[in-house]
Each structure stands twice: as C-alpha cells, then as structure tokens.
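Written out below as structure tokens is the structure these notes cover.
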Amino acid sequence: MPATHDNPTSDRTVAVACRGVTKEFGDGNALVRALRGVDLDIYNGELSLLVGPSGCGKTTLLSVVCGILYPTAGSIHVFGTEITKLSSSKLVGFRGDNVGFVFQQFNLLPALTAVENVCVPLLLKGVPRRHALEKAYQMLEKVNLRDRADAPPSNLSGGQQQRVAIARALIREPRLMVCDEPTSALDARTGHTIMELLREISIEQSRAVVVVTHDPRVYEFGDRIATMEDGRVVGVEEQTPKPGPPPKTPSMVEESVAETS
Ligand SMILES: Nc1ncnc2c1ncn2[C@@H]1O[C@H](COP(=O)(O)OP(=O)(O)OP(=O)(O)O)[C@@H](O)[C@H]1O
Ligand SMILES: [Mg+2]
C-alpha cells in the first residue's frame, strides 16, 4: 500500500471495476467513439475524482458506470455484479438500490419544498409518505439544512440547492454516489463546502463516491484522481486528501446508521 495513502476508511475493496470499456454513439460518418477502452477501479470508502478536458468522455464514463447507458463493449462490475450483463429492467432495479446521482444542475422539482424533493425517491419506491418525510428530514439534517426544509428551491442558494440534491441522492442509502460537476455552478467557498460534505459521505459507511470535475480548486479533496484523455483513462494518481472531518470510528458509524434508520 503506498505510503501517501492515509485514508483509514479505504479498505481497498473495489466497488467498481471497468475493463476495456468502449462506448460509441451514432454510426457511419456520424460515429463518435466517446470511450475507447477504459480500465479503472473505484474503491469503497474513497472520494475518486474524474478529470480531463471537455469532450474526453467523463460524463459518458459516469453514465455507463452507474447503469444509465450500456457500453458498446467491455465489462463493468459494480459491487461484484456485472451490470453490463443485466437486462434493462434488472439494471433499473440495481441502480435504484445501489446508486445515488448528483448532477451539475440540481434538477429539483420547483413546486415542491426541499423536504418533499428529498422524499421523492422513497415515494416512488412506495414508502408511505409519513415515513418518507421522517427520513427526508434526517437527510436534510445530515447536510445541515434542516432549518430550510420547508423552503421551495427558488428560495434557496445554489449551494443549498446542491445540498438538497445530495440529501435526495442519499435517502436510499446508496453504496455508490456519482456526481457530475457538482460544484461548477457554485462559488469557490460553497464548492469547498460541498466537496467536504461529499468526502464525509464517502468516509462514513465506507461509500464509493465518484466526482467528475473541471475545477482544479477541488482536486485537493480526492483520495484518487483519474485523468481522462480522448476516451481513455491515462493516469490515476493517489494523494493524501485535504484533512476533512475526523474519520468516524466503527462505533460512531454504527451510531450514525442508527440515527438515520
Ligand atoms: N448522446 C450522444 N450522442 C452522440 N455523441 C455523444 C453523446 N453523448 C456524448 N457524445 C460525444 O461523446 C464525447 C464525450 O462526451 P462526454 O459528454 O462524455 O464528455 P465530457 O468529458 O463529459 O465533456 P464535458 O467536460 O464538456 O462535460 C463527445 O465528443 C460528445 O460529443
Ligand atoms: Mg460532461
């Protein structure tokens, strides 16, 4: 194990393994090779950053890793399941049970309050409204927004809206969180707060968090930075991330699980 790696929650178990992943869009003269043979491992308990120039395939890679798109070729294992072999209905179920998404645009429903937005994934799953609301309040507490629970998105700042989107992604307790440019619409200070929160989320409960970013200001938060160029991962660098909140001991993690369940 490299000496630079001091994240005590990274147990070095692989959450996502991509091998020879390709993705093509269109055909003939319009053929685009968005991914050209990606090999990449993502680990549990770590915040992994995916960086590279515009058009190099970051969003496409995130989309195939979390089962929004099928790759053209190659294999992707997520928590031991080869998702590339799942039927589309099984893939939807797998995604719902295991993956949380946060995008650059927060995609909150404007007619609902913050807490109602956070509830939506549970309501769609058939959880009774009262129980869903209770859990949504707990998630807002976790992202430090309990006091704004009844505000509509239009009355929240960009950073607050992004925290609501993170709470919504967390409510089903996904083991994998994927975030596409979650700080790009935010100022530097708010972007730092969001990255600190995502890092905390990876540490507690040993979650795998993958963040696509253009923003060099947030590189310091990653345990690992994978660089893409022209449809390939051309390098993976491990680093000692900026110190975040103190890592939780196993008993503290159990307490926080008990608090949120
Ligand atoms: N649905 C699609 N149909 C055709 N081409 C696509 C599609 N989605 C992406 N592409 C192309 O695939 C390539 C990779 O796109 P992708 O969105 O993954 O890049 P990116 O690294 O996320 O870029 P950015 O940093 O600008 O968001 C680009 O050339 C893009 O035009
Ligand atoms: Mg993109």
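Sequential numbering of the sequence shown, starting at 1282, is according to our numbering. The C-beta atom is built at its ideal place from N, Cα and C for all residues, glycine as well.
How long is the line joining the alpha carbons of R1444 and G1309, rounded to whole angstroms? Position 163 of the sequence shown, counting from 1, holds the residue named residue 1444. Position 28 of the sequence shown, counting from 1, holds the residue named residue 1309. Approximately 43 Å, taken between the alpha carbons.
If you draw a straight line from the alpha carbon of G1377 to that of E1462, how long is it in whole angstroms? Here residue 1377 corresponds to residue number 96 of the sequence shown, with the count starting at 1. Here residue 1462 corresponds to residue number 181 of the sequence shown, with the count starting at 1. Rounded to whole angstroms, G1377 to E1462 spans 21 Å at the Cα level.
With a cut-off of 5 Å, give the chain-ordered residues whose Cβ is closer than this to any heavy atom of ligand 1. F1306, V1313, A1315, S1335, G1336, C1337, G1338, K1339, T1340, T1341
Measure the Cβ-Cβ separation of L1421 and A1413 and say whether it is below 8 Å. For the purposes of this step, residue 1421 is identified with residue 140 of the sequence shown, where counting begins at 1. For the purposes of this step, residue 1413 is identified with residue 132 of the sequence shown, where counting begins at 1. For L1421 and A1413, no; Cβs fall outside 8 Å.
Sequence-distant residues of its chain with Cβ nearer than 7 Å to G1472 (five each side left out): Taking the sequence shown and counting its residues from 1, one reaches residue 1472 at position 191. Only T1464, D1496, R1498, V1499 meet the Cβ criterion.
Okay, do the region 1331-1338 and the region 1499-1518 touch, 3+ Cβ pairs below 8 Å being the bar? yes
With DSSP collapsed to three states, give me the class of T1394. Locating residue 1394 in the sequence shown gives position 113, counting from the first residue. In this structure, T1394 counts as coil in the three-state DSSP scheme.
Tell me which residue opens and which closes the beta strand (DSSP E) that S1483 is part of. Locating residue 1483 in the sequence shown gives position 202, where the first residue counts as 1. Looking at the DSSP string, S1483 is not in any beta strand (DSSP E); the run it does join, the alpha helix (DSSP H), is 1469-1484.
Can you give me the start and stop residues for the alpha helix (DSSP H) that A1446 sits inside? Position 165 of the sequence shown, counted from the first residue, corresponds to residue 1446. Looking at the DSSP string, the run of the alpha helix (DSSP H) that includes A1446 is 1439-1451.
So what does L1331 bridge to, in DSSP terms? What you label residue 1331 is simply residue 50 of the sequence shown in a count that begins at 1. The partner list for L1331 (beta bridge, DSSP) reads V1493, A1507.
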